[in-house]
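Engineer: Those sequence lines, one after another, are chains B and V.
Going by the working numbering, the residue at position 191 of the first sequence is 191; the numbering climbs one at a time, nothing skipped.
In the working numbering, each number is its position in the second sequence, counted from 1, plus 397.
Take this structure, written in structure tokens, and hold onto it; I'll ask about it next.
Number of protein chains: 2
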Amino acid sequence: MHLSDAPHLRILRLLRDEGPVSRAELGDRLELTRPRLLAEVERLVAGDLIAEAGMAASRGGRRSTLVEIHPRLRFAAVDLGASSIDIEVVNGRLEPLAAYCEPADIRSGPKAIVQRVNELLAKARTDGVYERLDAVGIGVPGPVSFRDGVPVSPPIMPGWDRYPVRELLAREHGCPAVVDNDVNIMAIGERHGGVAHSVDDFLYVKIGTGIGCGIHLGGTVYRGVDGCAGDIGHIQVDANGPVCSCGNAGCLEALFSGAALARDALAAARAGESPALAERLAGADAPGAASLSARDVAEGAAEGDVACIRLIREGGRRVGGVLATLVSFANPSMIVIGGGLAQLGHVLLAEIRSVVYRRSLPLATGNLPVVLSELGGRAGVTGAAVLASDVAFEQAS
Amino acid sequence: MHLSDAPHLRILRLLRDEGPVSRAELGDRLELTRPRLLAEVERLVAGDLIAEAGMAASRGGRRSTLVEIHPRLRFAAVDLGASSIDIEVVNGRLEPLAAYCEPADIRSGPKAIVQRVNELLAKARTDGVYERLDAVGIGVPGPVSFRDGVPVSPPIMPGWDRYPVRELLAREHGCPAVVDNDVNIMAIGERHGGVAHSVDDFLYVKIGTGIGCGIHLGGTVYRGVDGCAGDIGHIQVDANGPVCSCGNAGCLEALFSGAALARDALAAARAGESPALAERLAGADAPGAASLSARDVAEGAAEGDVACIRLIREGGRRVGGVLATLVSFANPSMIVIGGGLAQLGHVLLAEIRSVVYRRSLPLATGNLPVVLSELGGRAGVTGAAVLASDVAFEQAS
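Next up, the structure:
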């Protein structure tokens with residue numbers, strides 16, 4: 001979504017992000033003439049989008065009244081993962097008033113999942129969190145046609161292709177809705193309340209079950225012609241690598257992702273290369289379904305287990321190689337690493353940095369932070385709330 | 398440069414791109430009310446930016462007068478290559494009125510080169526091509542800070558770092574000037590008058606002495622935080638490959654570019670692997686400085702020489718591998734191949750396509766043309782003229 005610069009939208013976004021502000025300061029900050037500002041504020045007050053909030057501290061002259069985003073506003077933020085539903089209901093400042101989180105298999109299909117989302121939101125209403133919603137924002141783990149509000153050929157979401165998610169949510173809740181890819185909303189969230197605050201050009205790299213990249217350029221998310229920009233998990237990094245779920249060989253996420261790491265950890269444990277992993281495998285509750293996870297590898301590495309450290313470094317080297325290419329191409333001002341495997345922490349980060357800094361041109365890396373996400377698991381719902389408020393503000397005009 | 402949508406700019410661009418149009422049609426096309434349109438046109442006529450151009454054919458009602466971009470407008474378009482200066486002086490429709498082209502070594506430094514550009518433009522004035530220029534647009538073969546109008550750490554342009562190219566040209570010619578990277582202006586040119594006409598999201602890949610990529614996203618060139626976005630020549634494609642001029646090993650342009658192809662062609666000729674190349678090498682004028690070029694390889698391939706075809710296909714495979722990655726990342730709607738090595742033609746193109754279509758996700762390649770540049774060597778000056786006119790229109794308001 002390209003954000004419009006209409007004055008009423010700038011007012012709403014400023015009040016959303018910064019809280020109560022005096023009319024005088026609003027006019028200064030947004031460089032609006034006093035009559036223009038007062039007219040816009042008048043209109044937004046009449047539309048119940050902003051409200052009076054008492055008097056401002058004196059600035060020497062006449063005291064100015066504060067305005068704030070209307071305390072009645074409510075947005076629903078939904079982050080659908082491959083195996084989870086995360087929901088927050090937030091106020092106009094995007095502060096969470098209630099949160100719901102439960103496991104759910106995205107493969108159970110759109111009807112069941114959207115119905116469960118509606119049930120959780122109905123529960124929030126029953127709980128008194130809201131009377132009516134002003135917008136719903138939802139992220140899904142696959143490509144999305146942002147314009148049409150539908151998933152498009154999402155590989156891990158059988159039955160969801162062109163399912164009218166936006167339309168159904170809008171109808172159910174009687175308000176605007178907006179649908180985006182899960183990694184895009186994470187990038188938006190991290191820019192709103194995380195480490196990429198106010199950064200215009202950055203890449204948000206999610207390393208979890210799969211690998212994806214949110215591309216934030218020139219202050220807005222770039223989604224690509226078909227909504228699949230940033231689908232970097234299927235970039236080939238080793239022509240002789242393992243076969244990927246997509247059918248090609250040696251894709252990035254076939255070599256390093258939650259699933260790949262679990263596979264490699266199990267192999268290392270069984271081959272006797274890793275005392276730490278072997279111990280965790282032996283201690284597993286159900287030996288028949290014995291398995292290891294990224295957490296086991298992270299813990300092993302923290303204990304100094306050489307095989308665990310090697311697994312993380314090899315993964316970091318793969319990711320770093322792809323990111324070096326993307327840095328040469330996109331020349332961003334920051335790279336944020338998020339997703340479940342970000343818990344592998346500084347060993348992973350150090351390896352990624354090392355490859356990116358060595359392989360990209362000095363001009364592009366001279367001042368390029370490569371950092372971990374600050375919001376962690378909350379990046380998605382935070383971004384979905386931002387999108388919901390943006391669409392509510394746009395449509396309210 | 399993000400293009401503003403102010404009405405006077407939309408009028409000027411439409412007249413630049415389409416020629417004389419009636420006031421009535423202008424109002425319809427740009428969705429402007431009649432009073433607003435007439436006021437804008439009045440102002441542009443008064444400013445000598447547009448002019449009356451007779452009566453339009455009747456559309457049934459009152460006949461409407463045509464307006465056109467002012468026939469007096471003149472823009473200078475300059476394309477500096479590693480070893481050449483190309484200049485066109487164009488009118489307000491961007492039609493060339495005069496062209497100058499000569500060899501020049503960019504390494505002779507900014508003073509000598511900019512002076513030569515000024516001499517050629519002075520010659521054009523003496524020749525009666527223009528009385529005064531309305532803007533100068535120039536492309537240089539290196540990263541550029543578009544905002545500051547200076548080259549930034551350009552690897553093949555010693556002495557040019559932060560040299561005030563824009564300021565000096567503006568002062569010399571008494572008009573606005575604009576500086577950009579050479580590949581960016583090629584992309585802009587190809588979008589204005591070539592195969593990417595009106596395409597909003599595409600990649601222009603120049604394969605010449607070096608390799609670079611112009612990134613056109615959402616209708617505008619994306620230049621990156623430091624002006625070096627699209628610098629894809631130094632992406633590592635083979636960790637065991639030859640050392641590149643940048644100091645790293647196995648960069649794309651160390652494996653496939655004008656210089657790399659000449660090197661590999663010479664090796665093939667000397668190893669007796671290529672009768673076509675050996676014959677051309679023997680026929681060279683100065684045996685002491687015996688060398689082969691991309692043209693020799695293209696001719697050899699056209700004759701069916703197996704080694705020549707192999708060289709082109711190997712190069713296409715390298716370029717295709719990098720482009721497959723960029724397609725997964727950026728999800729563009731077209732890829733345009735230009736630069737000197739585009740003369741290798743359809744053998745090269747077929748190999749690039751094959752790799753891109755095989756390696757990228759089906760959703761991203763389902764409707765992705767990979768095509769040769771239509772403008773060829775004129776893409777650069779065409780884009781420089783577009784940029785010059787854009788900046789003249791912006792500053793005229």
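Every residue, glycine too, gets a C-beta built ideally from N, C-alpha and C.
If you measure beta-carbon to beta-carbon, which residues of the segment 323-338 of chain B are closer than 8 Å to chain V?
Structural biologist: Taking 8 Å as the Cβ-Cβ cut-off against chain V, the residues of the segment 323-338 of chain B that qualify are A324, T325, L326, S328, F329, A330, N331, P332, S333.
Engineer: What residues in the segment 744-773 of chain V bring their beta carbon closer than 9 Å to a beta carbon of chain B?
Structural biologist: For the segment 744-773 of chain V, which is checked against every Cβ of chain B, the residues closer than 9 Å are R755, R756, S757, L758, P759, L760, A761, G763, N764, L765.
Engineer: Please list the partners that V/P540 has in chain B, where partner means a Cβ-to-Cβ separation under 7 Å.
Structural biologist: Per Cβ cutoff of 7 Å: L363.
Engineer: Is it right to say B/A385 is buried, meaning 16 or more other beta carbons lie within 10 angstroms of its own, or is it exposed?
Structural biologist: That one is buried.
Engineer: Less than 8 Å between the CB atoms is what I'm expecting for V/A695 and V/L652, so what's the real figure, rounded?
Structural biologist: With 8 Å as the limit, V/A695 and V/L652 do not qualify as a contact, their Cβ atoms being about 18 Å apart.
Engineer: Taking Cβ-Cβ distances shorter than 8 Å, what residues in chain B pair up with V/Y619?
Structural biologist: Near V/Y619 (Cβ distances below 8 Å), the residues of chain B are L217, G218, A330.
Engineer: Closest by CA to V/D502, which one among V/E485, V/D531, V/G556?
Structural biologist: Of the listed residues, the one whose Cα sits closest to V/D502 is V/G556.
Engineer: Taking 6 Å as the limit between beta carbons, can you name the residues of its chain near B/N331, skipping five residues before and five after?
Structural biologist: Closer than 6 Å at Cβ, skipping near neighbours: A364.
Engineer: Quick one: Cα of V/R775 to Cα of V/A793, how far?
Structural biologist: About 27 Å.
Engineer: Residues of chain V with CB under 7 Å from B/H410, in chain order?
Structural biologist: Any question about residue 410 of chain B goes unanswered here, given that chain B covers just 1 to 397.
Engineer: For B/V183, collect the residues of the same chain with a Cβ closer than 7 Å to its Cβ; drop the 5 residues on either side in sequence, then sort them by chain order.
Structural biologist: Result list for B/V183: Y204, K206, G212, C213, G214, G230, in chain order.
Engineer: Going by C-alpha distance, which of B/C308, B/V90, B/G227, B/G194 is nearest B/G272?
Structural biologist: That would be B/C308, whose Cα lies nearest to the Cα of B/G272.
Engineer: Find the nearest neighbour of V/N637 within the set V/H631, V/A646, V/G630, V/I629, judged by alpha-carbon distance.
Structural biologist: Comparing Cα positions, the closest option is V/A646.
Engineer: Can you list, in chain order, the residues of its chain whose CB lies under 6 Å from that of V/M398, leaving out five sequence neighbours each side?
Structural biologist: With a pLDDT of 43 at V/M398, under the threshold of 50, the modelled position of this residue cannot be trusted, and the question is left open.
Engineer: Mapping the DSSP letters down to three states, classify B/L368 as helix, strand or coil.
Structural biologist: Of the three classes helix, strand and coil, the one that applies to B/L368 here is coil, per DSSP.
Engineer: Could you tell me whether any Cβ in chain V is nearer than 9 Å to the Cβ of B/S153?
Structural biologist: At least one chain V Cβ lies under 9 Å of B/S153.
Engineer: In angstroms, rounded to a whole number, what distance separates the CA positions of B/S83 and B/P141?
Structural biologist: Rounded to whole angstroms, B/S83 to B/P141 spans 10 Å at the Cα level.
Engineer: In angstroms with no decimal places, state the Cα-to-Cα distance between B/D296 and V/M554.
Structural biologist: Cα to Cα, the separation comes out at about 51 Å.
Engineer: Against chain B, does V/D598 count as a neighbour if the rule is that its beta carbon must be under 9 Å from one of theirs?
Structural biologist: True, the Cβ-Cβ gap to chain B drops below 9 Å.
Engineer: Name the DSSP beta bridge partners of V/I734, please?
Structural biologist: Note: V/I734 sits in a beta bridge opposite V/V602, V/L769.
Engineer: Taking any Cβ of chain V, which residues in the segment 224-239 of chain B have a Cβ under 7 Å from it, in chain order?
Structural biologist: Those residues of the segment 224-239 of chain B that come within reach of chain V (Cβ to Cβ, closer than 7 Å) are G224, V225, D226, C228, A229, G230, D231, I232, H234, I235, Q236.
Engineer: Candidates V/E748, V/V744, V/R707: which alpha carbon is nearest V/A721's?
Structural biologist: Nearest C-alpha to V/A721: V/E748.
Engineer: Taking C-alpha atoms, which residue in B/A112, B/A46, B/E18, B/L348 lies nearest to B/E68?
Structural biologist: For the residues B/A112, B/A46, B/E18, B/L348, the minimum Cα distance to B/E68 belongs to B/E18.
Engineer: Please go through the segment 572-660 of chain V and give each complete alpha helix (DSSP H) segment of 4 or more residues, from N-terminal end onward.
Structural biologist: The qualifying runs are 579-590, 649-652.
Engineer: What residues in its chain sit with their C-beta under 6 Å from that of B/L133, if we drop five residues either side in the sequence?
Structural biologist: Only R74, A76, H173, C175 meet the Cβ criterion.
Engineer: Out of B/R23, B/H192, B/R280, B/S354, state which residue places its alpha-carbon closest to the alpha-carbon of B/G315.
Structural biologist: Checked all of B/R23, B/H192, B/R280, B/S354; the closest Cα to B/G315 is B/S354.
Engineer: Taking just the CA atoms, how far does B/L30 sit from B/R10?
Structural biologist: Between B/R10 and B/L30, the C-alpha separation is close to 7 Å.
Engineer: Which residue or residues does DSSP assign as beta-bridge partners of B/L80?
Structural biologist: In DSSP, B/L80 forms a bridge with B/I85.
Engineer: Hey, out of V/G590, V/S671, V/S550, V/A450, whose CA is closest to V/L491's CA?
Structural biologist: The option with the nearest alpha carbon to V/L491 is V/G590.
Engineer: Measure the Cβ-Cβ separation of B/V152 and B/R166 and say whether it is below 9 Å.
Structural biologist: The answer is no: Cβ separation not under 9 Å.
Engineer: Check the Cβ of B/C246 against every Cβ in chain V and list those closer than 8 Å, keeping chain order.
Structural biologist: By Cβ distance, chain V contributes L758.
Engineer: Cα separation between V/A666 and V/I482?
Structural biologist: Spanning the two alpha carbons is a distance of roughly 32 Å.
Engineer: Assuming the contact rule is C-beta atoms closer than 8 Å, B/L361 and V/H631 should be a hit. Round their C-beta distance to whole Å, please.
Structural biologist: The pair is a contact, with the Cβ atoms about 6 Å apart (cut-off 8 Å).
Engineer: I'd like to know if V/C610 contacts chain B, where contact means its C-beta is closer than 9 Å to some C-beta of that chain.
Structural biologist: V/C610 counts as touching chain B.
Engineer: Do we get a CB-CB distance below 9 Å when we pair B/G321 with the residues of chain V?
Structural biologist: Closer than 9 Å: yes.
Engineer: Looking only at C-alpha atoms, which of V/R756, V/Y754, V/L674, V/E771 sits nearest to V/G737?
Structural biologist: Of the candidates V/R756, V/Y754, V/L674, V/E771, the one whose C-alpha sits nearest the C-alpha of V/G737 is V/E771.
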